[in-house]
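Encoded as structure tokens, the structure appears first; notes follow it.
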Amino acid sequence: MPAYASKQALISEIQKTAQLFIAEFEGIPETDKALRLEEVDHTPQEMIAYQLGWINLIRGWDRNELEGKEVVTPASGYKWNQLGGLYQSFYDQYRDQTLSQLKALFIAAVDELTTWLESFSDEELFAPGGRRWAASTPSNWPIWKWVHINTVAPFKSFRSKIRKWKKVGSLMET
């Protein structure tokens with residue numbers, strides 16, 4: 451996992467990888483948003499829903515902590531060894547959105563995430579204990595690591611998946 455020299459370096463990497471990821475969805479027809487291909491384990495709709503789900507979870511953990519509410523990680527009704535069910539809840543939540551709506555929601559979520567990150571001091575962001583929710587697992591990660599593994603890392607891996615989905619899909623058309 452990379453280390454970031456500053457808050458701005460983390461934000462810049464999120465913005466860059468988010469833009470590269472979401473740009474891959476240009477030209478995908480709305481009729482294909484839920485097309486499952488055997489060679490790729492997610493549909494285009496699921497790929498964006500996954501990203502939205504995690505961004506909103508992290509922001510929700512922080513909002514709940516600041517409001518004095520109980521923070522449940524990863525989410526109420528789910529344990530860390532039950533992530534498949536959590537992911538399915540993301541897909542279900544965004545099932546009725548068009549691909550265009552999903553892309554707009556993603557862009558807005560990334561913008562809100564970066565604004566939220568700006569509100570942290572470097573100490574809160576990079577040192578363990580910046581928030582109680584970040585220390586909720588034995589790893590006691592600083593906030594930046596939670597953000598990185600749920601934004602930059604999947605933006606990159608899902609960018610590869612959507613590229614493969616488009617390639618396999620175009621081969622099927624010929």
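In our numbering, the protein residues as written are 451 to 624.
Note that beta-carbon positions come from the ideal geometry of N, C-alpha and C, so glycine has one too.
- Checking the DSSP bridge columns, you'll see Tyr528 partnered with Ala525.
- From the listed residues Phe570, Ile498 and Tyr537, the smallest Cα separation to Leu516 is found for Phe570.
- Within the same chain, Phe608, Lys611 and Ile612 come within 7 angstroms of Met497 by CB-CB distance, once the 5 residues on both sides are set aside.
- Residue nearest to Asp482 within the set Thr493, Glu489 and Glu488 is Thr493 (criterion: CA-CA distance).
- Contact fails between the stretch 537-548 and the stretch 590-602, because fewer than three Cβ pairs, one in each stretch, are under 8 angstroms apart.
- Ranking Glu488, Glu489, Gln495 and Pro452 by CA distance to the CA of Gln551 puts Gln495 first.
- Gln501 and Glu480 have their alpha carbons spaced roughly 19 angstroms apart.
- The three-state reading of DSSP puts Glu476 in coil, since its state is none of H, G, I, E or B.
- Counting only unbroken stretches of 4 or more residues, the alpha helix (DSSP H) elements lying wholly within the stretch 536-599 are 549-568, 572-576 and 593-599, in sequence order.
- In this structure, the straight-line span from the alpha carbon of Thr564 to that of Ile593 is close to 13 angstroms.
- With respect to the 9 angstroms criterion, Asn514 and Trp583 are classified as neighbours on the basis of their beta carbons.
- In the displayed model, Ala468 falls within a helix according to three-state DSSP.
- In the structure shown, Ser456 adopts coil according to DSSP, grouped into three states.
- Per DSSP, the continuous alpha helix (DSSP H) segment holding Leu516 begins and ends at Pro494 to Leu516.
- Excluding five sequence positions before and after Ile461, the CB atoms of its chain that fall closer than 8 angstroms to its own CB belong to Thr564, Leu567 and Glu568, given in chain order.
- For Asn590 and Phe576, the gap between their C-alpha atoms comes out near 12 angstroms.
- Ranked by how close their Cα comes to the Cα of Ala558, the residues Ser526, Gln543, Gln465 and Asn531 have Gln465 in first place.
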